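What follows is a single structure, written as structure tokens, with notes after it.
Structure follows, in structure tokens:
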């Protein structure tokens, strides 16, 4: 019987509820055959899944197992009974896939997904790469792993991340395994979108729901694990959108340069300087994937909230961009009639359309036009009930 295991006590950031749930499952010695870890992007679902798998098979690495350690392996990657899968593009190499596994073994928060990190050896390739579980990948690589017998561990453990990205044929084949799992198999899945998981899968597994990380938890992680200064950690945590994994890859110097561009975007939106806006939007959208675009939106939101906060309180201690207080003060003086509430609301709308794969250049163009009106307290020329009509001069007859 496994006793008093504390999952990821010193390695996993936040997620106290799910860590406690997994610890209780292990300490009760009542292990099911399938678990689904659900929650927002970048909050540690892979880390939780890996810590869960290691604890079951007695590996002391991500968790302190004490007397429950029984494996001589130093980490999950070296264990023959732990198998890890991520969605893949149609064309990929085993060498590249294995390198991603090695990165994750070294750092459970490493970004290894093809969608967010298309090329692990070069930062130049930043556009998203579509990845999923297609039937060939499932039949050749994933399905055979279910039928292996445990070699050194108590369970043969299969970890499948982003299960919502299974294509229909692969999902049907997986469901057959899930309905009648082989003996001594433990399936641990993750998802960013619980609402996309079909009921027949949900009914056959225990769901562990993760909360989003707070800015305080992200800042603490950046200080403790990434050795950032408290000031830089606090700022990056605010613009992270709750995504700790992404925040670790920010270059603070580049972030500050991007903030300068955001200030320019707000100024050019106000005066509708089309040529400057086109150049700026082009530079933002030519070499960034969707996570990069979302980061820009997060930074715009934080800056707008600073203007709002300073306008209503004059308290510099409440301002995130405290080193830009002179600039913020000028915006406050110039935007006395601005509808800042609506401008901030539009950022969430913009995030939504980016997640729906709307081209970012159109989103930023419409956002700049809307901001121009809202900064003056005027009614937007593009009505709310027709949010993405890109022809403001069009009239219906």
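Residue numbers (this note's numbering): 4 to 400. Virtual Cβ for every residue (Gly too), placed ideally from N, Cα, C. Predicted, not measured: the structure shown is a model, and the values here were computed from it.
Run through the DSSP bridge pairs and tell me what residue i is partnered with.
i: residue 86; result: 161
i: residue 135; result: 91
i: residue 38; result: 191 and 209
i: residue 443; result: Since the first residue of the chain shown is 4 and the last is 400, residue 443 is not available in this structure.
i: residue 169; result: 136
Can you list, in chain order, the residues of its chain whose CB lies under 7 Å from that of residue i, leaving out five sequence neighbours each side?
i: residue 177; result: 141 and 169
i: residue 357; result: 293, 296, 297, 363 and 366
i: residue 194; result: 39, 41, 165, 166, 167 and 200
i: residue 9; result: 26, 66 and 67
i: residue 143; result: none
i: residue 340; result: 379 and 380
i: residue 253; result: 239
i: residue 136; result: 90, 168, 169, 170 and 173
i: residue 335; result: 310, 313 and 314
Beta-carbon within less than 8 Å of residue i's beta-carbon, same chain only, minus the 5 sequence neighbours each way: which residues are those?
i: residue 265; result: 299, 302, 303 and 306
i: residue 171; result: none
i: residue 258; result: 238, 239, 242 and 302
i: residue 2; result: Residue 2 lies beyond the range of the chain shown here (4 to 400); nothing can be said about it.
Taking the Cβ atom as the reference point for each residue, do residue i and residue j lie within a distance shorter than 7 Å?
i: residue 47; j: residue 249; result: no
i: residue 220; j: residue 16; result: yes
i: residue 245; j: residue 215; result: yes
i: residue 60; j: residue 82; result: yes
i: residue 344; j: residue 323; result: no
i: residue 370; j: residue 353; result: yes
i: residue 108; j: residue 146; result: no
i: residue 191; j: residue 162; result: yes
i: residue 18; j: residue 208; result: no
i: residue 56; j: residue 138; result: no
i: residue 134; j: residue 90; result: yes
i: residue 262; j: residue 229; result: no
i: residue 74; j: residue 62; result: yes
i: residue 132; j: residue 117; result: yes
i: residue 272; j: residue 375; result: yes
Within 10 angstroms of the Cβ of residue i, are there 16 or more other Cβ atoms? Answer buried if so, exposed if not.
i: residue 35; result: exposed
i: residue 150; result: exposed
i: residue 316; result: exposed
i: residue 58; result: buried
i: residue 105; result: exposed
i: residue 285; result: exposed
i: residue 20; result: exposed
i: residue 274; result: exposed
i: residue 93; result: exposed
i: residue 233; result: exposed
i: residue 372; result: buried
i: residue 224; result: buried
i: residue 256; result: exposed
i: residue 156; result: buried
i: residue 103; result: buried
i: residue 119; result: buried
i: residue 282; result: exposed
i: residue 331; result: buried
i: residue 158; result: buried
i: residue 312; result: buried
Which residue comes first and which comes last in the alpha helix (DSSP H) that contains residue i?
i: residue 362; result: Here residue 362 belongs to no alpha helix (DSSP H), and DSSP marks it neither H nor E.
i: residue 243; result: Taken as a continuous stretch (DSSP letters only), residue 243 belongs to no alpha helix (DSSP H), as it is neither H nor E.
i: residue 311; result: 293 to 316
i: residue 287; result: 277 to 288
i: residue 273; result: 255 to 274
i: residue 3; result: Past the edges of the chain, shown from 4 to 400, lies residue 3, and the structure says nothing about it.
i: residue 23; result: 19 to 31
i: residue 218; result: 218 to 227
i: residue 141; result: Counting along the chain, residue 141 falls outside any alpha helix (DSSP H), and DSSP gives it neither H nor E.
i: residue 320; result: Per DSSP, residue 320 belongs to no alpha helix (DSSP H) and is neither H nor E.
i: residue 186; result: Unbroken run through residue 186: none, as it is neither H nor E.
i: residue 147; result: 146 to 149
i: residue 97; result: 97 to 109
i: residue 352; result: 343 to 358
i: residue 330; result: 328 to 337
i: residue 57; result: 48 to 59
Only counting the same chain, and skipping five residues up and downstream in sequence, which positions put a Cβ closer than 6 Å to that of residue i?
i: residue 184; result: 36
i: residue 152; result: none
i: residue 14; result: 65
i: residue 450; result: Outside the displayed range of the chain (4 to 400) lies residue 450, so it cannot be described from this structure.
i: residue 197; result: 41
i: residue 377; result: 342, 345 and 346
i: residue 88; result: 145 and 163
i: residue 114; result: 120 and 248
Does the beta-carbon of residue i, which I'm using as the reference point, lie nearer than 6 Å to any heavy atom of the ligand GDP?
i: residue 192; result: This structure lacks the ligand GDP, and indeed carries no ligand of any kind.
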